[in-house]
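Q: For the sequence shown, the working numbering gives the first residue as 79, with consecutive numbering after it.
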Amino acid sequence: MSSKHDNTTPDPAAPTQKQRWAKYGLNVALLIFSVFAIVVLLNYIAYQPGNAKRIDFTHTRRYSLSEQTLGVIKRVDRPITITTLYNKLTNADRNEVALLNRVEDLLDEYQSRSKQIVYRQIDPGVNVVEYDTFVKDILARHGDTLKASTNALRNAQKTFDAAEAFTKTQATDVGNMLTDAGNNPDVIVFIKNLSKNFSRAPEEFTRSRELIDRELKTAMPDHLGMRMNAAAVLRQFADKSLAPAIKNFEYLKADSRMSHAFQDTTLGLLPRLKAMQEQVTQALDALADAKSDAYDDLRMNVSRANSIVITADASAVGPDAAKGLPDVVALSLNQIYPGIERENLTGRVIRSAGYNGEEAITGALIRLTQRTDTTVVFLNPSQFPALSRGNPQGTYNYVADRLRKMNIAVTEWMPAGRMGPGGQPLPPGPRPTPTPGQTMVYVALPAAQNAKSGSVPTSMIIADAVRKHIEAGHPAIVIVAPSQLVAVGEPEPFIDMLKTLDVNVTADRVVLTEHTTPNGQAVVTNQLDSGNALMIGDHPVAQTASSLRGLLLQAVPVKVAAKEGVQAWPLLRSNDKTWADNEYTDLSAAKRDDGDASGPFDIAVAVDRFGTRFAVLGDPVMASDFVTTFGGAPGRGGPGLAESLGATFPANAELFVNTVYWTAGLDSLVAAGARSQEVRHLADISPGEKHAAWFVLVLGLPVLCLFSGGFVWMLRNRRPA
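#1: Considering only C-alpha positions, which residue in the set Ile386, Asp391, Arg180 and Ala390 is nearest to Leu409?
#2: Where does Tyr474 fall in DSSP's three states?
#3: Going along the chain, which unbroken runs of the beta strand (DSSP E) with 3 or more residues stay wholly within the region 615-683?
#4: Terminal residues of the continuous alpha helix (DSSP H) containing Val564?
#5: Can you check the region 255-332 for any alpha helix (DSSP H) of at least 4 residues that lies completely inside it and give the ranges in chain order?
#6: What are the start and end residues of the beta strand (DSSP E) that includes Gln25?
#7: Evaluate the contact criterion for the region 700-709 versus the region 728-740: three or more CB pairs, one atom per stretch, below 8 Å.
#8: Thinking just about the alpha-carbon of each residue, which of Asn475, Pro459, Asn485 and Ala464 is nearest to the one in Met538?
#9: Roughly how many angstroms lie between the CA atoms of Ser273 and Thr247, to the nearest whole one?
#10: Could you pull out every residue in the same chain whose Cβ sits closer than 7 Å to the Cβ of Asp659, ignoring the five residues on either side in sequence?
#11: In whole angstroms, what is the alpha-carbon distance linking Ala494 and Pro506?
#12: By how many angstroms is the C-alpha of Thr726 removed from the C-alpha of Pro524?
#13: At what residues does the alpha helix (DSSP H) containing Ala390 begin and finish?
#14: Any idea which residues DSSP pairs Gln199 with across the strands?
#15: Quick one: give me the first and last residue of the alpha helix (DSSP H) that Ala541 is part of.
#16: Alpha carbon to alpha carbon, how far is Thr94 from Ser112? Give it in angstroms, no decimals.
#17: Return helix, strand or coil for Glu721, following the three-state DSSP convention.
#18: For Asp405, which residues of its own chain have a beta-carbon under 7 Å away from its beta-carbon, when the five flanking residues on both sides are left out?
#19: Which value, in whole angstroms, describes the spacing of the CA atoms of Val638 and Ile681?
#20: My output table needs one value for Ile216: the three-state DSSP class, helix, strand or coil.
#21: Cβ-heavy atom distance between Leu348 and the ligand COA below 7 Å?
#22: Is Thr424 buried or exposed, if buried means 16 or more other CB atoms sit within 10 Å of its CB?
#23: Taking the continuous alpha helix (DSSP H) assigned at Phe462, which residues delimit it?
#24: Quick check: the Cα distance between Ala478 and Val455, rounded to an integer number of angstroms?
#25: Mapping DSSP to helix, strand and coil, what is Ile555?
#26: Name the two residues that bound the continuous alpha helix (DSSP H) containing Thr440.
#27: Applying the 10 Å Cβ sphere with the 16-neighbour rule, what's the burial state of Ala241?
#28: Helix, strand or coil: how does DSSP classify Ala226 here?
#29: Is it right to say Glu288 is buried, meaning 16 or more other beta carbons lie within 10 angstroms of its own, or is it exposed?
#30: Report the residue ranges of all alpha helix (DSSP H) runs contained in full by the region 563-593; include only those spanning at least 4 residues, in chain order.
#31: Between Val380 and Ile216, which are expected to be in contact by the criterion C-beta below 8 Å, what is the C-beta distance as a whole number of angstroms?
#32: Where Ala742 and Ala234 are concerned, what is the direct C-alpha to C-alpha distance, given to the nearest angstrom?
#33: Checking 8 Å against the spacing of the C-beta atoms, do Gly435 and Val558 come in under that value?
#34: Could you give the DSSP three-state label for Val781: helix, strand or coil?
#35: Buried or exposed: which applies to Ala541, given that a residue is buried once 16 or more other Cβ atoms fall within 10 Å of its Cβ?
#36: Check whether the Cβ atoms of Ile151 and Arg191 sit closer than 8 Å, and answer yes or no.
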């Protein structure tokens with residue numbers, strides 16, 4: 079009998095099923111915990127200020143800050159708090175709520191880019207206590223600037239008291255004068271009117287005095303409103319009562335027809351009237367001298383339904399470093415999006431074009447952190463203002479507004495004077511000159527050939543002013559235009575002045591190119607578009623517009639002489655298919671001749687001449703509202719539509735404002751701005767890049783798939799059986 083042994087006896091050291099379950103369960107739990115911990119850690123790191131990143135895939139890069147803003151944020155050297163005062167509970171309009179959400183997303187991006195910037199939200203309708211505390215802090219920051227206003231208001235109250243006492247005490251004397259006036263009807267009417275004014279004045283004085291007391295106790299007193307009201311009451315008392323009384327009594331005191339009693343009363347009353355008039359005049363002067371512009375603007379914006387208040391901590395950098403910089407800037411929703419009020423009325427959907435949020439906020443950061451005492455002066459040869467809403471070919475409001483948003487003052491000087499309300503010419507003011515420490519950029523606009531100031535052409539006055547300005551070491555931008563004067567050998571002031579600065583402009587010729595229409599016809603045109611004949615230079619100013627569309631309409635060649643101490647960089651250049659033609663008035667008959675100079679031509683140049691920066695722009699309308707505000711498709715759009723439809727030629731404004739920054743020495747601001755970010759598009763693809771893309775898509779991908787399949791097949795066949 080044989081026995082059979084079992085070779086599958088369990089190993090006492092082997093784990094049991096329960097042990098295996100516990101082991102695998104523990105491993106899974108540890109794995110889940112590890113993944114969870116890693117996710118939490120990565121999220122914690124990602125949400126730290128300065129670490130949060132997001133990728134913007136929108137066509138207009140709507141959720142990305144511009145290069146200019148990023149540069150400003152890097153230089154913020156004092157703690158900045160951005161507070162939104164948005165009452166969303168009362169904003170039933172969905173368009174407005176959508177805009178508020180967009181602004182908040184934008185502010186999150188500012189906060190994520192700098193540890194110096196903190197963003198918080200206060201809903202005045204919900205966070206009442208926090209809002210009151212915030213308003214008190216804002217008011218405390220303006221305590222010193224409001225002292226003069228408060229003192230002037232208190233002085234006005236004392237004048238009210240004195241005037242009230244004066245009218246009450248003098249009312250009896252004035253009333254008694256009626257019995258001494260005799261039968262003179264004019265004197266009787268005058269005395270009755272004066273007595274009536276004196277009897278009504280105390281009521282006005284009491285109301286104004288109580289208004290000041292009541293308003294000064296509010297969270298943010300309306301200093302401007304109080305001063306205007308007090309001044310109106312005092313001025314009315316002075317103009318309607320005191321001045322007529324003094325004038326008439328001065329005449330009547332020597333009138334032989336009046337009784338002796340009347341004259342005696344008059345002689346006693348006149349000194350008191352004049353003393354009261356002097357006190358009122360002093361009170362009015364104090365009210366006029368008390369300025370609180372910054373506070374008034376701040377209060378107006380904060381008191382609105384929706385606003386942003388940006389505050390800086392001066393103590394973090396010390397009073398000397400922060401000296402001359404404001405502590406608070408407030409922005410209303412209408413400043414961030416100018417079309418919001420119009421769209422609320424019409425019910426239109428909010429568009430990205432016209433949204434000024436980033437521009438406004440970045441400009442506020444510059445005001446709080448950078449000293450940019452810079453003024454741009456447009457030297458205007460016309461009698462019609464260049465900063466008005468007139469002819470868009472001669473106005474520059476679009477670029478001027480962009481400069482103002484970046485804390486740069488903009489004004490103009492008109493040597494020919496301007497037209498008065500009745501059509502009469504007004505005399506010109508003195509030529510603006512920079513004060514010590516101030517940077518003043520002259521922008522010389524081209525003059526009509528017959529524009530004169532007196533007997534001297536305005537172009538000659540402006541050319542002489544620009545030459546002296548540059549020779550004194552100050553920056554300038556000269557805009558030149560085609561001129562028939564040069565063609566006939568006549569002097570052209572701008573061209574002659576630029577020659578003394580080593581710049582030669584061929585003003586008797588316009589750069590032309592040939593355009594092929596959709597039906598295949600070749601047409602000569604003076605329109606140089608970045609899509610066909612216009613090239614961007616390598617200078618940092620030019621690169622800010624490198625992927626934007628630009629347009630020139632009357633371009634003339636500009637060339638800087640090679641000279642030691644003079645550096646020049648092309649900003650705009652035509653391609654080699656262009657030519658300079660002196661027959662440009664009738665393009666239908668124009669054609670390229672052997673005698674015409676061939677491109678490329680420099681059209682806009684930046685020059686550094688012995689340390690002084692200036693620029694020459696060889697197109698008279700490139701920065702005007704005619705081109706910069708052009709919106710819609712060419713042929714179907716027009717000037718003034720850029721805000722609602724988006725700028726068709728954004729490169730023009732971008733190039734001009736950055737040229738201003740560069741000439742003024744504000745190199746840190748030379749970058750693509752928020753406006754260009756809204757309309758930025760991909761640069762045009764070159765023929766070589768098109769061929770490469772075709773090869774990759776049509777041939778490259780199929781070849782790669784075949785190669786990958788063959789490689790996998792080879793690996794499988796090499797496996798052992």
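Ideal Cβ positions, reconstructed from N, Cα and C, are used throughout, including at glycine.
Computed from a predicted structure; not experimentally measured.
A: Inspection of the coordinates gives the following:
#1: Ile386
#2: coil
#3: 636-638, 644-652 and 657-659
#4: Gln562 to Ala565
#5: As far as the region 255-332 is concerned, its whole alpha helix (DSSP H) runs of at least 4 residues are 263-294, 301-315 and 321-330.
#6: Any answer about residue 25 is impossible in this case: the structure gives the chain only from 79 up to 799.
#7: Yes, the region 700-709 touches the region 728-740.
#8: Pro459
#9: So the alpha carbons of these two residues sit roughly 11 Å apart.
#10: Arg587, Val588, Leu590, Ala668 and Asp674
#11: 6 Å
#12: 24 Å
#13: No alpha helix (DSSP H) holds Ala390; the beta strand (DSSP E) holding it covers Asn384 to Ala390.
#14: Thr162
#15: Thr536 to Glu549
#16: Taking the CA atoms as reference points, Ser112 sits about 27 Å from Thr94.
#17: helix
#18: Arg219, Thr389, Ala390 and Ala392
#19: A direct Cα-Cα distance of roughly 11 Å separates Val638 from Ile681.
#20: Residue state, collapsed to three classes: helix.
#21: This structure lacks the ligand COA, and indeed carries no ligand of any kind.
#22: With a pLDDT of 46 at Thr424, under the threshold of 50, the modelled position of that residue is not reliable, and the figure given next carries that caveat. Thr424 should be labelled exposed.
#23: Unbroken run through Phe462: none, as it is neither H nor E.
#24: 10 Å
#25: When DSSP states are grouped into helix, strand and coil, Ile555 belongs to the strand group.
#26: First-last of the alpha helix (DSSP H) with Thr440: Gly435 to Thr447.
#27: Flag for Ala241 reads buried.
#28: helix
#29: exposed
#30: 571-578
#31: 7 Å
#32: 45 Å
#33: no
#34: If DSSP states are grouped into helix, strand and coil, Val781 belongs with the helices.
#35: buried
#36: yes
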